[in-house]
Amino acid sequence: VDIDVTRAMVACQKYNFKGGVICLYDKAKLYQQILQYQMDNKDNDEIVATCRKYGDEDPQLWIQALSYFSKLKSADGCRKEIQQILKYIDENDLLSPLLVIQTLSNNESTSLDLLKDYLIRKLRSEQTQIEKDQTEIRRFRQETGDIIKKIKTLETGPTLCQDPKCSACKMDLDLPCIHFFCEHSFHEHCAYAIESATSSEIIYECPLCSGDNR
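Listed below in structure tokens is the structure:
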């Protein structure tokens with residue numbers, strides 16, 4: 021059914037028909053206006069519900085709601101709502117911790133206790149990430165050290181090729197065959213041959229390791 025949205029909105033506002041106003045905003049996908057209307061009417065119980073309903077489509081609603089609650093004189097009295105908003109903001113990384121603290125500190129009546137759970141979660145998350153990064157750094161250092169040792173071994177000493185079978189076809193090796201420093205061995209026809217870019221010389225690459233070396 022087609023309706024004159026403007027006239028309908030005027031009528032709803034004139035007679036304070038909140039459900040009608042919200043329905044019209046919803047129809048027009050004006051979600052921030054829905055939230056602002058609820059804020060103007062101090063419908064605090066509906067604000068978080070609106071964020072949950074439309075917040076995935078418009079994450080800015082959660083930030084708008086946090087700003088609203090942080091400015092209330094009784095912000096501590098909205099502890100439940102603020103903690104729910106902080107939890108969503110944290111899980112979806114909508115604001116940095118510094119901006120969250122700055123937003124809530126705009127109200128002198130807001131106690132640090134209101135931020136406690138959020139800060140604890142954030143610090144634990146940061147600590148977990150630091151530990152993961154340190155583990156990766158140690159792994160990279162170990163791998164780099166192993167590679168350096170292997171290079172020095174190849175530069176200073178012989179490499180023994182003890183596998184009697186071709187690393188490609190798994191058949192017994194016979195001449196002509198090719199041995200690589202990576203300790204893989206192949207029949208000549210099983211190895212990967214490429215033509216040198218600077219001469220007509222044929223260069224062989226290990227078929228098993230050539231992809232890792234490019």
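Position in the sequence shown counted from 1, then plus 20, gives you the numbering used here.
Ideal Cβ positions, reconstructed from N, Cα and C, are used throughout, including at glycine.
Is the beta carbon of LEU44 less than 7 Å from the beta carbon of ALA28? The Cβ-Cβ distance between LEU44 and ALA28 falls below 7 Å.
State the CB to CB distance for the pair SER187 and TYR212, rounded to an integer number of angstroms; the pair is presumed to be in contact (CB under 8 Å). So it is not a contact: roughly 11 Å between Cβ atoms.
Among the residues of its own chain, which have a CB less than 8 Å from the CB of VAL68, if the five just before and after it don't count? These residues qualify, in order along the chain: ALA85, GLU101, GLN104, ILE105.
Where HIS204 falls: helix, strand or coil (DSSP): In the three-state reduction of the DSSP assignment, HIS204 falls in the coil class, being assigned neither a helical nor a strand state.
Residue from ILE222, PHE200, LYS170 whose Cα sits closest to the Cα of LEU228: Here the closest residue by C-alpha is PHE200.
With a 10 Å radius around its C-beta and 16 neighbouring C-beta atoms as the bar for buried, classify CYS17 as buried or exposed. Any question about residue 17 goes unanswered here, given that the chain covers just 21 to 234.
Would you check if the distance between the CB atom of PRO117 and the CB atom of LYS136 is smaller than 7 Å? LYS136 is positioned such that its CB atom lies no closer than 7 Å to that of PRO117.
Quick check on the burial criterion: 16 or more other C-beta atoms within 10 angstroms. Buried or exposed for LYS34? LYS34 comes out exposed.
In whole angstroms, what separates the C-alpha of ASP60 from that of PHE89? If I take the Cα positions, the gap works out to 12 Å.
Would you check if the distance between the CB atom of TYR51 and the CB atom of ASP78 is smaller than 7 Å? Yes, these two residues count as a Cβ contact at 7 Å.
In this structure, does DSSP put ASP78 in helix, strand or coil? Taken through DSSP and simplified to helix, strand or coil, ASP78 comes out as coil.
For TYR108, tell me which candidate among ASN126, LEU92, CYS71, GLU221 has the shortest Cα-Cα distance. Out of ASN126, LEU92, CYS71, GLU221, CYS71 has the C-alpha closest to the C-alpha of TYR108.
State buried or exposed for VAL25, treating a residue as buried only when at least 16 other CB atoms are found within 10 Å of its CB. That one is exposed.
Where does CYS197 sit, in a helix, a strand or coil, going by DSSP? CYS197 sits in a strand when the DSSP states are folded into three classes.
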